[in-house]
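Residue numbers (the UniProt record's numbering): 1 to 68.
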């Protein structure tokens, strides 16, 4: 499972749209979509912002650090 897959999983679990996550993290909806779909590599800053916003308790950070 990719980081983008995990991010989408947490976002869907919270019932959030990409727009909701964009507002919470101050990243554009388009950029977050590109990360979710594997077209862009997330920065550590984005990963931490998403982990906080989605209340993932470090799971997204772990998925990011475990990537190949």
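Every residue, glycine too, gets a C-beta built ideally from N, C-alpha and C. A quick note: this is a predicted structure, and the numbers were derived from the prediction, not measured.
In its own chain, which residues sit with a C-beta less than 7 Å from the C-beta of residue 22, not counting the 5 before and 5 after it?
28, 29, 32
Under 7 Å between the Cβ atoms of residue 62 and residue 38?
no
Could you please give the first and the last residue of the uninterrupted alpha helix (DSSP H) stretch that includes residue 34?
29-36
Would you mind sorting residue 44 into buried or exposed? The rule is 16 or more other CB atoms within 10 Å of its CB.
exposed
Return helix, strand or coil for residue 54, following the three-state DSSP convention.
coil
Count the other CB atoms, across all protein chains shown, that sit within 10 Å of the CB of residue 51; report buried if there are 16 or more and exposed otherwise.
buried
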